[in-house]
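Heads up: the sequence lines are chains A and B, in that order.
Okay, so the first sequence: first residue is 1 according to the numbering used here, each after it adds one.
Okay, so the second sequence: first residue is 1001 according to the numbering used here, each after it adds one.
Glycine included, each C-beta is placed from N, C-alpha and C at the ideal position.
There are 2 protein chains.
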Amino acid sequence: MGERRGHLVIIGGAEDREDDKAVLSTVAELAGGKDGRIVVLTTASRQADEEPEVAREFAELYERAFTGCGVGEVRTLHIHDRRGANEPEHATAVRAATGVFMTGGDQSRLVSILGGSAVHRAMRAGFARGGACIAGTSAGASAMSRHMPLGGPSEPVATKGMLPVAPGLGFLRNVVLDQHFSQRGRLARLLSVCAQNPFLLGVGIDEDTGLVVQPGVRLEVVGSGGVTVLDGRDMVYTNFNEVGRGEALAITDVRLHLLPTGFRFDVKTGVEDDARPKRSDDLNELMCTLMAGD
Amino acid sequence: MGERRGHLVIIGGAEDREDDKAVLSTVAELAGGKDGRIVVLTTASRQADEEPEVAREFAELYERAFTGCGVGEVRTLHIHDRRGANEPEHATAVRAATGVFMTGGDQSRLVSILGGSAVHRAMRAGFARGGACIAGTSAGASAMSRHMPLGGPSEPVATKGMLPVAPGLGFLRNVVLDQHFSQRGRLARLLSVCAQNPFLLGVGIDEDTGLVVQPGVRLEVVGSGGVTVLDGRDMVYTNFNEVGRGEALAITDVRLHLLPTGFRFDVKTGVEDDARPKRSDDLNELMCTLMAGD
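Structure below.
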């Protein structure tokens, strides 16, 4: 049958769209290049819903970018209500796509409009059975895992409840994905999630950076920044249960991992770098946890 | 003889000097309050050296702040060369002080002008034998440990060698102290130090926040932010030895600890919080490593 699970490209926002397009060209390639059909979804953007001019700009921006990367067919769907998300013509287009790209905006819109709809089911089927590439930037990235951060302040002090977590679109199982990570100083808010849900890995993706995951198989970082992973499973101490909402959190023994652009892990061979493949049980466990599909 | 080791107050810059003065009032109290004698050193500031107006403003700012916190005697010494640092009258004033406060500026100036001088020896003697409080903000904080970060970019990507480490004034043994931590997004540069020197704990102090340490005895966080500790001793993987200077670093399994304002650890009783004292071998080991005097 040739069934194969596709790739996710989880982008930290502000990806280059005009020059080297390092991240978008990875999406283009994983979506099949000149034989590819990419559908761009602007659902996350309220502006694209309310202002036709913005919707047109969004469409032109990504259609030009992906066409510039050599993708054969690029089409934008402006789906901004449940009716649109259940429109058979939309679902058919998404199911036939080799790549789906979700723009930035508000991840709550994305989930409340697409969640469980025909378009969402088409994305999941294309990904799980057709090898389609599912990509998203900023809000479109946060929405990709089972558990999704809602908006919250990027403040320097980690406080209880500063980043609420809600159900997402469910392509990855064990992670909470945050974006604009280093640029907006989001360590504190991602740590607050670790303190609350130590079973979830906090994954902070820098701007112009993509975390590429083929669940259970391989993982790679592309673009100009890095990916920071926070793993609270071995946390020794926290005051989480002794402070009130909004109060400052103490946390010790969160494991932190920094994966720069070019980092590659393959489940068969371990970390690939310039010297030689490396693996260790700890690293393997971490990577397999990160890559677990939903 | 009543010998006792004093306290260090290591401040992440931009401490409040006008309103609640939470951090400076801690310095004032540890320096003896109304019976205290604080000496302010402007050595780190090139501007205070070159522009008499700036030197006067610095002096007035901190004299007013500490006097406002009830300190009996506050005096500013403008020491900007080796001759001044070896001036017997200066050394005598510092040795008689119950508190020494180092302003911000450039930590290299601080070390190259004070290092090994009569004033530096007076600070160490006052601290180690007289119970004096040694405080510093921003550059004045970074200079306080045995190993000191030089200036470096606060960029989002951790690269090899981005934060060089040089000898400091030597009040703490096991830490590299960075300041303006969350506000300037300095996780990446502090991680680069962990990758290079996994035996040193990276300590990032937020603005308007003080890490109070009585070496070997107790530790506390005061002010409005927090302290982030990075411990690379259990690091599992890094590409440090395979990439060139300026290239992006991969690091896994750095332990991260977040200590918020109000966090208190006493070597006898463990972590003090609102519920009850807590201790664990891991936490105790970490805290004792953090607090080791030089």
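Query                                                                                                       : Result
Chain-ordered neighbours of B:His-1257 on chain A, where CB pairs are closer than 8 Å                       : Ile-251, Thr-252, Asp-253 and Val-254
Buried or exposed (CB count within 10 angstroms, at least 16 for buried), B:Gln-1047                        : exposed
Residues that B:His-1147 bridges to, as DSSP identifies them                                                : B:Pro-1167
Below-7 Å beta-carbon distance, A:Ala-135 vs any chain B residue                                            : no
Residue-chain proximity (A:Gln-183, chain B), Cβ-Cβ < 7 Å                                                   : yes
Pairwise C-alpha distance: B:Asp-1234 and B:Arg-1173                                                        : 19 Å
Residues within the segment 142-160 of chain A neighbouring chain B, beta-carbon criterion of under 7 Å     : Pro-156, Val-157 and Ala-158
Residues in the segment 186-217 of chain A having any Cβ partner in chain B nearer than 7 Å                 : Leu-187, Ala-188, Leu-191 and Asp-206
Min CB distance B:Ala-1014 to chain A below 7 Å                                                             : no
Distance CB(A:Gly-140)-CB(A:Thr-103) smaller than 7 Å                                                       : yes
Per-residue DSSP class, three states only, for B:Ala-1135                                                   : strand
Neighbour flag for B:Pro-1052 against chain A, beta carbons, 7 Å                                            : no
Where the beta strand (DSSP E) containing B:Ile-1038 begins and where it ends                               : 1037-1041
Any chain B beta carbon closer than 7 Å to A:Val-236                                                        : yes
With 16 other Cβ atoms within 10 Å as the buried cut-off, status of B:Glu-1051                              : exposed
Bridge-paired residues (DSSP) for B:Thr-1159                                                                : B:Ala-1248
Contact the segment 153-166 of chain A vs the segment 178-189 of chain A: 3+ CB pairs below 8 Å             : yes
7 Å Cβ cutoff met for A:Ala-91 and A:Val-74                                                                 : no
Selection from B:Ala-1195, B:Phe-1171 and B:Leu-1150 that minimises the alpha carbon distance to B:Gln-1323 : Residue 1323 of chain B is absent from the structure shown; chain B starts at 1001 and stops at 1294.
Residues sharing a beta bridge with A:Pro-260, DSSP                                                         : A:Gly-226
Delimiting residues of the alpha helix (DSSP H) encompassing B:Ile-1113                                     : 1107-1114
Contact set between A:Gly-225 and chain B, taken where Cβ atoms lie within less than 9 Å                    : Pro-1156, Val-1157 and Ala-1248
Chain B residues whose Cβ lies nearer than 8 Å to that of A:Asp-282                                         : Val-1236, Thr-1252 and Asp-1253
Residue span of the alpha helix (DSSP H) that contains B:Phe-1127, given as start and end                   : 1118-1130
Chain A within 7 Å of B:His-1088, Cβ atoms only                                                             : The displayed chain sequence assigns Pro, not His, to residue 1088 of chain B. No - not a single Cβ of chain A is within 7 Å of the one on B:Pro-1088.
Three-pair Cβ contact test at 8 Å for the segment 53-60 of chain A versus the segment 12-23 of chain A      : no
Interface partners of B:Gly-1262 on chain A, CB under 8 Å                                                   : Ala-248
Neighbouring residues, chain C, relative to A:Leu-163 (Cβ below 8 Å)                                        : Looking for chain C here will not work: the only protein chains present are A and B.
Close Cβ partners of B:Cys-1069 (< 7 Å) along its chain, the five nearest in sequence each way excluded     : Lys-1021, Leu-1024, Ser-1025 and Ala-1028
DSSP three-state assignment for A:Met-291, whether helix, strand or coil                                    : coil
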